[in-house]
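Residues in the sequence shown are numbered consecutively from 15, following this note's numbering.
We put the CB at the ideal spot given by N, CA and C, even for glycine.
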Amino acid sequence: MSVDPSAPEIVTADLATLTNASRTCVLVHDAATKDILWANPAACELLGWSLDELRPLKANRMSSTAPQYHRVLGRAWLQDAVERGTSRIEWHYRTRSGRVVPTDALAVRVELDQGPAVMVEFRDIEREQATEQELRRTTSSIDALARHTSTIALTLDTSGTVRFATDTALALLGMAPDDMGRHLGEFGTLRRGGRPAAWADLVERADPTIEVQLLVPRPVGKAVWLEGTLERLAEPDGDGLLMILHDVSGRVHREELRERELHRENYLARYTAMGDMAMAIAHELGQPLAAAGNFLAGTGRHADALEGAGTLPRESADRLRFGIGSAVRQIDRASAIVDAVRVFVGHLEHTRQVVDLNEVVDECSYFVRLRAAEPGVHVEVRRHPEPLPTPCERVLTGQVLLNLCFNAIDEMATCRDVDRRLEVTTTVRHGEAVVTVDDRGRGLPHDPFAESFTSKQHGSGIGLALSYRIITRQHGRIWAEPRPGGGSRFGFALPLAAERAPE
């Protein structure tokens with residue numbers, strides 16, 4: 015700053031007044047000896063000494079006793095300012111009462127009339143350091159909370175952009191730290207009350223909080239369900255939002271599983287009733303069918319008698335016998351079906367017994383071929399050459415096989431220009447009796463065992479869910495997979511009886 019030489023005394027007086035009024039502490043040291051030449055009132059007040067008391071003091075009387083504040087280091091700092099013009103340091107002064115005061119000190123070489131000097135400006139930074147330490151502790155706590163808490167916490171702006179996310183949130187949402195600044199909707203579907211919800215609607219209703227859900231899809235496995243609140247925060251630069259969520263996937267999946275179990279139990283009760291009805295129908299149809307066969311046999315004998323007596327022409331008698339014979343064959347076929355139903359459903363008791371799985375396949379083959387005849391599906395059965403004794407419920411296990419075969423037949427019946435071939439195979443693998451059903455339909459678009467209801471327009475409702483229940487409660491496995499060459503392969507495996515050695 016240039017000084018007008020016409021008024022040097024006024025300028026000097028003003029500068030002294032300003033320096034004395036300043037709350038910044040100022041000490042002036044001799045550049046050569048480093049002795050204190052002068053101190054402003056702020057420095058005297060902070061250090062607790064008057065100017066006259068300060069002048070004879072040495073560094074060891076005015077500085078912390080810690081090694082990094084030794085007199086030699088203090089003199090070196092001042093000398094650095096003498097040589098270079100300025101030097102800055104964090105220096106701990108010691109007051110008359112013994113209190114150590116951390117300061118930010120700047121030493122500047124100045125040219126006085128009496129020679130060079132070093133002016134030191136310093137200020138108490140103890141409060142600033144305390145605030146900084148508190149901020150570091152707070153930041154450290156927030157970082158630890160973000161890394162270790164199981165709570166999913168997100169801060170967002172009103173547009174839905176993610177500003178901050180805890181580590182747990184990053185993991186569950188499939189986010190990376192670089193994903194900050196992206197919209198929340200890119201990572202999941204917002205819901206409210208179990209229904210999809212728009213972000214703008216949730217923000218409008220957050221007054222100040224609202225309950226929300228977030229459904230996070232997964233490429234593999236079940237989706238993640240998050241539930242919690244969205245809270246509006248008043249911030250100086252505009253409204254922000256805090257979303258606190260908890261992972262409730264386990265509860266949601268248990269509810270879904272319980273619902274499926276209820277459906278399966280209903281289906282099981284339904285099919286038990288159907289078995290009782292089938293047994294009653296088979297019993298009631300037996301006598302009418304036998305009577306109809308007897309009536310037709312009597313009519314055939316009467317036709318023979320009329321022809322022998324010359325009353326009925328031979329040509330008419332042949333046509334009559336052909337019709338009666340055809341009717342008898344259909345009645346015999348119906349009787350065979352009724353007998354098969356009676357045998358099949360005659361053991362509906364839920365007792366565990368050792369059953370040859372090959373025999374179950376043989377019993378079901380008749381019904382499978384009967385169902386396959388109309389759509390023109392060729393059925394091939396490949397049995398294991400030895401018996402496959404398994405502890406299971408014969409009828410229910412047969413019902414599973416029928417369900418798999420009927421589904422395969424219905425699938426191929428809807429497809430054009432395919433080799434309508436159904437293959438049923440029994441084998442032994444790793445101590446289990448295995449049954450597979452191969453079709454040449456359209457394949458598997460999704461996991462069929464995840465659904466509880468049939469998708470067929472006229473389906474009976476047992477579905478694969480009930481088949482899953484029947485097999486798994488017998489300590490078995492059931493699965494579906496693409497068939498090599500196209501189509502689907504459904505299969506189930508049951509443990510072999512103890513007397514059968516595993517292969």
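Ends of the beta strand (DSSP E) at residue i?
| i | result |
| --- | --- |
| Glu-171 | A small correction: the amino acid at residue 171 is Asp; Glu does not occupy that position in the sequence shown. Counting along the chain, the beta strand (DSSP E) containing Asp-171 begins and ends at 166-171. |
| Ala-494 | 491-496 |
| Trp-239 | 238-247 |
| Ser-502 | 502-509 |
| Glu-437 | 435-443 |
| Val-449 | 446-452 |
| Arg-396 | 392-396 |
| Leu-51 | 50-53 |
| Gly-254 | 254-261 |
| Leu-41 | 39-44 |
By Cβ distance below 6 Å, which residues in the same chain neighbour residue i in space, the five residues on each side in sequence not counted?
| i | result |
| --- | --- |
| His-392 | Arg-435 |
| Trp-52 | Val-42 |
| Asn-54 | Thr-33, Asn-34, Val-40 |
| Trp-63 | Arg-110 |
| Glu-388 | none |
| Cys-406 | Val-369, Gln-488, Leu-508 |
| Met-257 | Leu-168, Leu-244 |
| Arg-397 | Asn-372, Thr-440 |
| Arg-102 | Leu-120 |
| Ala-341 | Leu-310 |
| Gly-99 | Arg-123 |
| Ala-422 | Leu-436, Val-451, Asp-453 |
| Val-382 | Val-393, Cys-419 |
| Ile-484 | Leu-410, Val-414 |
Can you name the start and end residues of the alpha helix (DSSP H) that residue i belongs to?
| i | result |
| --- | --- |
| Arg-408 | 408-427 |
| Glu-67 | 65-68 |
| Val-226 | From DSSP, Val-226 is part of no alpha helix (DSSP H) but of the beta strand (DSSP E) over 223-230. |
| Arg-430 | First-last for Arg-430: undefined, no H or E at that position. |
| Arg-487 | Segment: none, Arg-487 is in no alpha helix (DSSP H) and carries neither H nor E. |
| Arg-75 | 73-76 |
If I measure Cβ to Cβ from residue i and keep anything under 7 Å in the same chain, skipping five residues before and after, which residues do I get?
| i | result |
| --- | --- |
| Gly-473 | Legend: pLDDT at Gly-473 = 47, less than 50; position of this residue unreliable, value from coordinates given subsequently. Nothing meets the Cβ criterion. |
| Glu-446 | Ala-507, Leu-508, Pro-509, Leu-510 |
| Arg-37 | Ala-56 |
| Leu-384 | none |
| Ser-20 | Low confidence applies to Ser-20: its pLDDT is 45, below 50, so where it sits in the model is not reliable, and the reading given next is rough at best. If we look at Ser-20 and ignore the five residues flanking it on each side, it has no Cβ neighbours. |
| Gly-174 | His-197, Leu-198, Gly-199, Trp-213 |
| Gly-501 | Asp-452, Asp-453, Arg-454, Gly-455, Gly-457 |
| Val-374 | Arg-408, Thr-411, Gly-412, Leu-415 |
| Ser-78 | His-106, Arg-108, Val-114 |
| His-267 | Lys-236 |
| Ala-306 | Ile-345 |
Spatial neighbours of residue i within its chain, please: C-beta separation below 8 Å, excluding the five flanking residues on both sides.
| i | result |
| --- | --- |
| Glu-218 | none |
| Ser-379 | Val-393, Val-395, Val-438 |
| Ala-317 | Leu-326, Ala-331, Leu-334, Arg-335, Ile-338 |
| Gln-143 | Pro-116 |
Pull up the DSSP beta-bridge partners for residue i, would you.
| i | result |
| --- | --- |
| Ala-119 | Ile-103, Phe-136 |
| Trp-91 | None; Trp-91 has no bridge partner. |
| Leu-109 | A small fix is needed here, since residue 109 is Thr in this sequence, not Leu. Per DSSP, none; premise fails for Thr-109. |
| Thr-404 | Val-369 |
| His-84 | Its beta-bridge partners do not exist; DSSP assigns none. |
| Gly-129 | Leu-126 |
| Val-266 | In the DSSP output, where bridge partners are listed per residue, Val-266 has none listed. |
| Thr-33 | Thr-33 is not bridged to any residue. |
| Val-176 | Leu-170 |
| Val-114 | Arg-108 |
Any C-beta of chain B sitting closer than 8 Å to the C-beta of residue i?
| i | result |
| --- | --- |
| Leu-229 | You won't find chain B in this structure, because it holds only one protein chain. |
Answer yes or no: the CB of residue i versus the heavy atoms of the ligand NAP, is any distance below 7 Å?
| i | result |
| --- | --- |
| Arg-232 | The ligand content of the structure shown is nil, which means the ligand NAP is not present either. |
Complete runs of the beta strand (DSSP E) confined to the region 291-352 [at least 3 residues]
For the region 291-352, not a single whole beta strand (DSSP E) run of length 3 or above is found.
Could I get the ranges of all uninterrupted alpha helix (DSSP H) runs contained in the region 178-215, with 4 residues as the minimum, in chain order?
DSSP runs (the alpha helix (DSSP H)) wholly in the region 178-215: 181-187.
Kindly confirm or deny that the region 124-142 and the region 89-99 touch, where touching means at least three C-beta pairs closer than 8 Å.
With a cut-off of 8 Å, the region 89-99 and the region 124-142 count as touching, because enough Cβ pairs lie within range.
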